[in-house]
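S.K.:
Numbering (the numbering used here), first residue to last: 256 to 506.
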């Protein structure tokens, strides 16, 4: 389904260098401008009934698009361990009259190792299950450290940054509000790019008045990633054991 719905520009290898990325041109209008244009048209409608119907349809359309964008990023993060961290609505194009979405701008890009990716998957599984102990443990293993490692503080920060809005304030304002309880002292910036993806995708949903949880949308991909990496770890352990046995035989 995602392969049919999402279009990604191909790199032009002959023009691409280590410092400059050149990609195919995708023909389409940005999701941001399309929503603005359709919202203006809806609000200018004289009939209250027609106006309400147009706004309702626009919100449904935007919600479907954002869900596709969120699922596409789940496929990149948990499937490849490599993703673009700039999915704001200006970088999402409506192609073929909205039947497809194009995701552009790969300048802000992140790649995870298997061990880093395993922690991201563990965090989202814990967030989806509302597993407070699991959230605190995973955040600590990721390298997030606070002065007191207060569980309520850590869970609130993780939920607001990586999953869903528990307050209307920004993550920074949330930290300011919670300063009396605890204070972050170490923030591993590589993982914050996942936070950036979650916040940007959720930002438009908040403006349009509907709730979005990345842990809910990403639950299947996060769990599949866990299982895949567990199998990789098991296979690697088996290979190491075989090498040790072979070495012992030679001795």
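Glycine included, C-beta positions come from ideal geometry on N, C-alpha and C.
Rank 444, 311, 454 and 279 by C-alpha distance to the C-alpha of residue 365 and give the top, closest one.
M.R.: Walking along the chain shown from the start, residue 365 turns up at place 110. Considering only alpha carbons, the answer is 444.
S.K.: Can you say whether residue 357 is buried or exposed, counting buried as having 16 or more other CB atoms within 10 angstroms of its CB?
M.R.: Position 102 of the chain shown, counted from the first residue, corresponds to residue 357. Buried.
S.K.: Considering only DSSP beta bridges, list what residue 365 is partnered with.
M.R.: Locating residue 365 in the chain shown gives position 110, counting from the first residue. According to DSSP, which records beta bridges pairwise, residue 365 is partnered with 338.
S.K.: Could you check what DSSP says for residue 269 in three-state terms: helix, strand or coil?
M.R.: Residue 269 sits at position 14 when you count from the first residue of the chain shown. Residue 269: helix per DSSP, three-state reduction.
S.K.: If we call anything under 7 Å between Cβ atoms a contact, is residue 433 one with residue 415?
M.R.: By one-based count along the chain shown, residue 433 stands at place 178. By one-based count along the chain shown, residue 415 stands at place 160. Result no, Cβ atoms of residue 433 and residue 415 do not sit closer than 7 Å.
S.K.: Do the stretch 458-478 and the stretch 381-400 make contact, defined as three or more Cβ pairs closer than 8 Å?
M.R.: Enough Cβ pairs lie closer than 8 Å, so yes.
S.K.: Give me the residue from 352, 261 and 483 with the minimum Cα distance to residue 376.
M.R.: In the chain shown, residue 376 corresponds to position 121, counting from 1. Minimum Cα distance to residue 376 is reached at 483.
S.K.: At what residues does the beta strand (DSSP E) containing residue 472 begin and finish?
M.R.: Residue numbering aside, residue 472 sits at position 217 when the chain shown is read from its first letter. First-last for residue 472: 469-472, but that is the alpha helix (DSSP H), not the beta strand (DSSP E).
S.K.: I need the boundaries of the beta strand (DSSP E) containing residue 310, first residue and last residue.
M.R.: Here residue 310 refers to the residue found at position 55 when the chain shown is read from its first residue. Note, residue 310: premise wrong, no beta strand (DSSP E); alpha helix (DSSP H) at 303-329.
S.K.: Excluding the 5 residues preceding and the 5 following residue 267 in the sequence, name in chain order all residues of the same chain whose CB lies nearer than 6 Å to its CB.
M.R.: To locate residue 267, count along the chain shown from 1; it is residue 12. Contacts found: 277.
S.K.: Which of the three DSSP states, helix, strand or coil, is assigned to residue 421?
M.R.: Here the question's residue 421 lines up with position 166 in the chain shown. The answer is coil: DSSP assigns residue 421 none of H, G, I, E or B.
S.K.: Give me the DSSP bridge partner(s) of residue 438.
M.R.: Looking up residue 438 in the chain shown gives position 183. In the DSSP output, where bridge partners are listed per residue, residue 438 has none listed.
S.K.: Can you tell me where the alpha helix (DSSP H) with residue 286 in it begins and where it stops?
M.R.: Numbered from its first residue, the chain shown carries residue 286 at position 31. Here the alpha helix (DSSP H) through residue 286 covers 286-298.
S.K.: In this structure, what does DSSP give as the bridge partners for residue 384?
M.R.: What you label residue 384 is simply residue 129 of the chain shown in a count that begins at 1. According to DSSP, which records beta bridges pairwise, residue 384 is partnered with nothing at all.
S.K.: Distance, Cα to Cα, residue 406 vs residue 387?
M.R.: Sequence index remark: in the chain shown, residue 406 carries index 151 (1-based). Sequence index remark: in the chain shown, residue 387 carries index 132 (1-based). Whole-angstrom Cα-Cα distance: 7 Å.
S.K.: Within 10 angstroms of the Cβ of residue 473, are there 16 or more other Cβ atoms? Answer buried if so, exposed if not.
M.R.: Against the chain shown, residue 473 aligns to sequence position 218. It is buried - the Cβ of residue 473 has at least 16 other Cβ atoms within 10 Å.
S.K.: Give a yes or no on whether the C-beta atoms belonging to residue 421 and residue 321 are separated by under 7 Å.
M.R.: Translated into positions along the chain shown, residue 421 becomes position 166. Translated into positions along the chain shown, residue 321 becomes position 66. Their beta carbons are not under 7 Å apart, which means residue 421 does not touch residue 321 by this criterion.
S.K.: According to DSSP, residue 452 sits in a beta bridge with which residue or residues?
M.R.: Taking the first residue of the chain shown as position 1, residue 452 is located at position 197. Its beta-bridge partners do not exist; DSSP assigns none.
S.K.: Taking the alpha carbon of residue 284 as the reference point, which residue from 344, 270, 336 and 426 has its own alpha carbon closest?
M.R.: Position 29 of the chain shown, counted from the first residue, corresponds to residue 284. When each option's Cα is compared against that of residue 284, the closest is 344.
S.K.: Spell out a yes or no on whether the stretch 330-349 and the stretch 305-313 are touching, meaning 3 or more CB-CB pairs, one atom from each, closer than 8 Å.
M.R.: The answer is no - the stretch 305-313 does not touch the stretch 330-349, with fewer than three Cβ pairs under 8 Å.
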